[in-house]
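*Asks:* Quick note, the sequences are listed as chains W and R, same order. Under the working numbering, the first sequence has 76 at position 76, and the numbering climbs by one with no breaks. Count along the second sequence from 1, then add 210; that gives the number in the working numbering. Even glycine gets a Cβ: it sits at the ideal position worked out from N, Cα and C.
Protein chains: 2
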Amino acid sequence: MKNAMAKKLIIVEDDVIIREAFVTLINQSSDYIVVNAYSNAEDAIKKIKEDAPQICLMDIELPGMSGIDAIPKIKAILPDTHVVVVTVYENDDLVFKALCEGASGYLTKNTPSAKLIESLKELDSGGAPMSTNIARMVVSSFHKNRQTPLTARELEVLELLSSGKSYSTIATQLFIDKETVKSHIKNIYLKLEVHSKAEAIEKARKSKYI
Amino acid sequence: MKNAMAKKLIIVEDDVIIREAFVTLINQSSDYIVVNAYSNAEDAIKKIKEDAPQICLMDIELPGMSGIDAIPKIKAILPDTHVVVVTVYENDDLVFKALCEGASGYLTKNTPSAKLIESLKELDSGGAPMSTNIARMVVSSFHKNRQTPLTARELEVLELLSSGKSYSTIATQLFIDKETVKSHIKNIYLKLEVHSKAEAIEKARKSKYI
DNA sequence: AGTGTGCTCACCCTTTTTGGGGTATTTTGG
DNA sequence: CCAAAATACCCCAAAAAGGGTGAGCACACT
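As structure tokens, this is what we get:
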């Protein structure tokens with residue numbers, strides 16, 4: 001028997017076995033009800049308004065539109081619906097792309113059943129369910145590289161440069177002369193082996209110096 | 211009785227009640243052993259080399275050096291030690307600062323005992339333990355604002371501008387004329403009510419348009 | 001005492017970039 | 001078909017970028 005306040009879900013997953021398994025599993029919980037399950041994103045989006053789910057479990061690899069691209073389309077129609085990606089991929093690019101597009105969580109398909117239901121509850125209590133490795137990837141993305149050829153001052157300058165500031169503005173902000181800023185930047189270019197702002201920023205971002 | 215492979219922990223927490231509670235709790239687990247507990251960061255750092263912990267539980271509000279500032283100092287000595295922040299603060303700035311400085315996890319002090327031990331295990335299995343609200347904050351930090359006055363093309367241009375690229379470079383990359391890039395940027399400045407690259411980037415970042 | 005590194009500042013030079021003004025055409029979506 | 005968006009072009013002056021060279025000062029390390 002369903003709770004009167006049971007949350008509505010939809011599932012988008014092309015593998016019929018997995019899809020049905022999810023439906024069965026989730027419908028066993030009295031707090032959640034699967035209102036629809038789709039094998040592709042296009043159909044799900046077409047019906048999303050009437051389904052009006054609070055939660056959407058989304059696979060990435062789908063025939064036609066990818067699950068990643070489907071996220072912003074769903075959020076455009078129902079901004080408060082939580083889209084949780086459920087996939088086999090633990091690839092950096094996909095994870096961050098999904099999160100940037102608006103995913104509220106990212107689970108890998110080896111997630112045990114109990115953990116899946118628990119993840120749904122986390123959504124309601126203001127959380128963001130992630131599989132172990134995903135959480136590590138996300139947290140690591142904030143970490144800076146502590147092995148940098150640049151000095152602390154150079155990092156400061158590069159940081160400001162990367163926010164679009166001009167030499168003069170950086171100088172004012174650091175209470176130093178514009179010529180000193182130029183010196184620092186010359187040294188930065190030397191050390192990073194680049195010859196322009198854009199290259200320096202790209203290299204520094206890639207190496208996580210900033 | 212401790213497991214032979216028991217992980218070594220240190221605890222840095224100024225409140226003696228809480229500190230002792232952590233010690234007692236963690237020492238009950240056969241997989242973890244508290245080798246030392248400190249009431250301030252300075253002492254912990256002084257002894258970190260001989261303590262050689264795999265994990266460090268770190269409070270933020272401490273007498274003297276803050277727990278945030280202690281993180282990079284610890285990682286400088288023992289790069290592979292996981293520092294987990296355990297604090298009452300759920301403030302955005304502190305969370306992201308801690309993660310940027312190298313924290314492997316961020317727990318709030320209301321974390322139940324069982325969950326704390328579970329969090330330690332998550333560290334070993336390649337995870338990043340976070341309290342519910344923290345996980346949401348971290349994931350939300352990736353989300354873009356879908357309500358933007360800018361068009362898709364303008365966002366593309368602004369994105370490239372924010373990576374330090376010049377008008378010409380942006381033009382080449384988008385297969386359009388430099389003059390067109392200028393037009394887009396003029397419109398961006400108009401819409402964002404700014405008059406320079408730096409202001410535009412700052413405003414766009416703050417509003418999470420990019 | 002000498003060496004090296006980092007931070008600071010200065011002056012030279014040229015080229016590129018930027019921002020603001022205006023105008024106009026084509027493309028696209030509803 | 002209309003409006004919005006994307007595209008392109010003109011002119012102009014100020015600012016910024018980049019590259020070169022040199023040099024003083026402090027601090028740490030040997």
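How about R/Gly277: is its C-beta nearer than 8 Å to some C-beta of chain W?
*Replies:* Looking up residue 277 of chain R in the second sequence gives position 67. So no, R/Gly277 is outside the interface.
*Asks:* Please list, in chain order, all residues of the same chain as R/Gln383 whose beta carbon is under 8 Å from its beta carbon, the five residues on each side excluded.
*Replies:* As a first step, residue 383 of chain R is located in the second sequence; it is residue number 173 there, counting from the start. Once the five neighbours on either side are set aside, the close Cβ partners of R/Gln383 are Leu370, Lys375.
*Asks:* Excluding five sequence neighbours on each side, which residues of the same chain lie with their C-beta closer than 7 Å to the C-beta of R/Ser314?
*Replies:* In the second sequence, residue 314 of chain R corresponds to position 104, counting from 1. The answer, listed in chain order, is His292, Val293, Val294, Leu333, Ala338.
*Asks:* With contact counted as at least three CB pairs below 8 Å, one residue from each stretch, are the region 215–224 of chain R and the region 398–413 of chain R in contact?
*Replies:* Segments in contact, no.
*Asks:* Whose CA, out of W/Asp93, W/Asp92, W/Gly126, W/Ile68, lies closest to the CA of W/Glu101?
*Replies:* Taking the first sequence and counting its residues from 1, the one referred to as residue 101 of chain W is at position 101. The residue with the shortest Cα to Cα distance from W/Glu101 is W/Ile68.
*Asks:* Flag this pair as touching only if the region 146–159 of chain W and the region 341–361 of chain R have three or more C-beta atom pairs under 8 Å; answer yes or no.
*Replies:* No, because fewer than three Cβ pairs between the region 146–159 of chain W and the region 341–361 of chain R fall closer than 8 Å, the two stretches do not touch.
*Asks:* Which residues in chain R have a C-beta closer than 7 Å to the C-beta of W/His195? List them in chain order.
*Replies:* Numbered from its first residue, the first sequence carries residue 195 of chain W at position 195. Neighbours of W/His195 on chain R: none; closest Cβ ~13 Å, over 7 Å.
*Asks:* Put W/Asn36 into one of helix, strand or coil per three-state DSSP.
*Replies:* Here the question's residue 36 of chain W lines up with position 36 in the first sequence. Correct three-state label for W/Asn36: strand.
*Asks:* Output, in sequence order along the chain, the residues in the region 347–374 of chain R whose CB is closer than 8 Å to any CB in chain W.
*Replies:* For the region 347–374 of chain R, which is checked against every Cβ of chain W, the residues closer than 8 Å are Val348, Val349, Ser350, Phe352, His353, Lys354, Arg356, Leu371, Ser372, Ser373, Gly374.
*Asks:* Can a CB atom of chain W be found closer than 8 Å to the CB of R/Glu332?
*Replies:* In the second sequence, counting from the first residue as 1, residue 332 of chain R sits at position 122. It does: the Cβ of R/Glu332 has a partner Cβ on chain W nearer than 8 Å.
*Asks:* Which ranges would you report for the alpha helix (DSSP H) in the region 145–204 of chain W if only whole runs of at least 4 residues count?
*Replies:* Entirely contained in the region 145–204 of chain W, the alpha helix (DSSP H) runs reaching 4 residues are, in chain order, 152–161, 167–174, 178–192.
*Asks:* Going along chain W, which residues have a C-beta under 9 Å from R/Gly274?
*Replies:* Here residue 274 of chain R refers to the residue found at position 64 when the second sequence is read from its first residue. Ordered by position in chain W, no residue passes the 9 Å Cβ test against R/Gly274, which lies about 21 Å from the chain.
*Asks:* Mapping DSSP to helix, strand and coil, what is W/Ile11?
*Replies:* For the purposes of this step, residue 11 of chain W is taken as residue 11 along the first sequence, with counting starting at 1. Strand, per DSSP.
*Asks:* So what's R/Val349 in DSSP terms, helix, strand or just coil?
*Replies:* Indexing the second sequence from 1 puts residue 349 of chain R at position 139. R/Val349 falls in the helix class under three-state DSSP.
*Asks:* Please list, in chain order, the residues of the region 4–18 of chain W that have any C-beta partner in chain R closer than 7 Å.
*Replies:* Correct list: empty, as no residue qualifies.
*Asks:* Assuming W/Ile48 contacts W/Thr87 (C-beta within less than 8 Å), just tell me the rounded distance between them.
*Replies:* The residue given as residue 48 of chain W occupies position 48 in the first sequence. The residue given as residue 87 of chain W occupies position 87 in the first sequence. Rounded, the Cβ-Cβ distance is 20 Å, inconsistent with contact.
*Asks:* Note down, in chain order, every chain W residue with its Cβ under 7 Å from the Cβ of R/Thr379.
*Replies:* In the second sequence, the residue the question calls residue 379 of chain R occupies position 169. Near R/Thr379 (Cβ distances below 7 Å), the residues of chain W are Ala198.
*Asks:* Of the residues R/Ser350, R/Glu230, R/Ser372, which one's Cα is nearest the Cα of W/Tyr106?
*Replies:* Locating residue 106 of chain W in the first sequence gives position 106, where the first residue counts as 1. Nearest of R/Ser350, R/Glu230, R/Ser372 to W/Tyr106, Cα basis: R/Ser350.
*Asks:* Exposed or buried, R/Arg229, counting other C-beta atoms within 10 Å across all chains shown (16 or more means buried)?
*Replies:* Within the second sequence, the letter at position 19 stands for residue 229 of chain R. Classification for R/Arg229: buried.
*Asks:* Can you confirm whether W/Thr133, when its beta carbon is compared against all beta carbons of chain R, has any partner nearer than 8 Å?
*Replies:* In the first sequence, the residue the question calls residue 133 of chain W occupies position 133. Residue 133 of chain W is actually Asn in this sequence, not Thr. So yes, W/Asn133 belongs to the interface.
*Asks:* In chain order, what residues of the same chain have a beta carbon less than 8 Å from the beta carbon of W/His195, not counting five sequence neighbours either side?
*Replies:* Taking the first residue of the first sequence as 1, we reach residue 195 of chain W at position 195. Tyr189, listed in sequence order.
*Asks:* Using beta-carbon positions only, say whether W/Asp31 and W/Ala52 come within less than 8 Å of one another.
*Replies:* In the first sequence, residue 31 of chain W corresponds to position 31, counting from 1. In the first sequence, residue 52 of chain W corresponds to position 52, counting from 1. No, these two residues do not count as a Cβ contact at 8 Å.
*Asks:* Quick one: grab the DSSP three-state call for W/Thr24.
*Replies:* Residue mapping note: residue 24 of chain W aligns to position 24 of the first sequence, counting from 1. W/Thr24: helix per DSSP, three-state reduction.
*Asks:* With burial defined as no fewer than 16 other Cβ atoms inside 10 Å of the residue's Cβ, what is the status of W/Ile55: buried or exposed?
*Replies:* As a first step, residue 55 of chain W must be located in the first sequence, where it is residue number 55. It is buried - the Cβ of W/Ile55 has at least 16 other Cβ atoms within 10 Å.
*Asks:* For W/Glu202, decide whether its Cβ has a neighbour in chain R, counting only Cβ atoms nearer than 8 Å.
*Replies:* The residue you call residue 202 of chain W lines up with position 202 of the first sequence. Closer than 8 Å: yes.
*Asks:* Verify whether the separation of the beta carbon atoms of R/Val245 and R/Asn237 is less than 8 Å.
*Replies:* Here residue 245 of chain R corresponds to residue number 35 of the second sequence, with the count starting at 1. Here residue 237 of chain R corresponds to residue number 27 of the second sequence, with the count starting at 1. Result no, Cβ atoms of R/Val245 and R/Asn237 do not sit closer than 8 Å.
*Asks:* Which residues in the same chain have their Cβ closer than 6 Å to the Cβ of W/Asn133, if we skip the five residues on either side of it in sequence?
*Replies:* As a working mapping, residue 133 of chain W is identified with position 133 in the first sequence. These residues qualify, in order along the chain: Glu90.
*Asks:* May I ask you to report which of helix, strand or coil DSSP gives W/Leu116?
*Replies:* For the purposes of this step, residue 116 of chain W is taken as residue 116 along the first sequence, with counting starting at 1. W/Leu116: helix per DSSP, three-state reduction.
*Asks:* Within the 8 Å Cβ cut-off, does W/Cys56 reach chain R?
*Replies:* Counting from 1 along the first sequence, the entry for residue 56 of chain W is found at position 56. Chain R, which has no Cβ nearer than 8 Å to the Cβ of W/Cys56, makes this no.
*Asks:* Sorted by chain position, which residues of the same chain lie with C-beta nearer than 6 Å to R/Ala414's C-beta, five sequence neighbours on each side aside?
*Replies:* For this step, residue 414 of chain R is matched to residue 204 along the second sequence. Here the set comprises Leu368, Ile420.
*Asks:* For the beta strand (DSSP E) containing R/Val294, list its first residue and its last residue.
*Replies:* Translated into the one-based positions of the second sequence, residue 294 of chain R becomes position 84. Its beta strand (DSSP E) spans residues 292–297.
*Asks:* Measure from the C-beta of W/Lys75 to each C-beta in chain R and report whether the shortest distance is under 8 Å.
*Replies:* For the purposes of this step, residue 75 of chain W is taken as residue 75 along the first sequence, with counting starting at 1. Yes, contact with chain R.
*Asks:* If we count the other Cβ atoms within 10 Å of its Cβ and call it buried at 16 or more, is R/Ala214 buried or exposed?
*Replies:* Stepping through the second sequence from its first residue, residue 214 of chain R is reached at position 4. Flag for R/Ala214 reads exposed.
*Asks:* Which first and last residues belong to the beta strand (DSSP E) in which R/Ile265 is found?
*Replies:* By one-based count along the second sequence, residue 265 of chain R stands at place 55. 265–268 is the span of the beta strand (DSSP E), which, as asked, contains R/Ile265.
*Asks:* Starting from the beta carbon of W/Leu99, find every residue of chain R whose beta carbon is closer than 8 Å, and list them in chain order.
*Replies:* As a first step, residue 99 of chain W is located in the first sequence; it is residue number 99 there, counting from the start. The contacting residues are Val349, Phe352, His353.
*Asks:* Would you please verify whether the beta carbon of W/Ala128 is less than 8 Å from any beta carbon of chain R?
*Replies:* The residue labelled residue 128 of chain W in the question sits at position 128 within the first sequence. Interface residue, yes.
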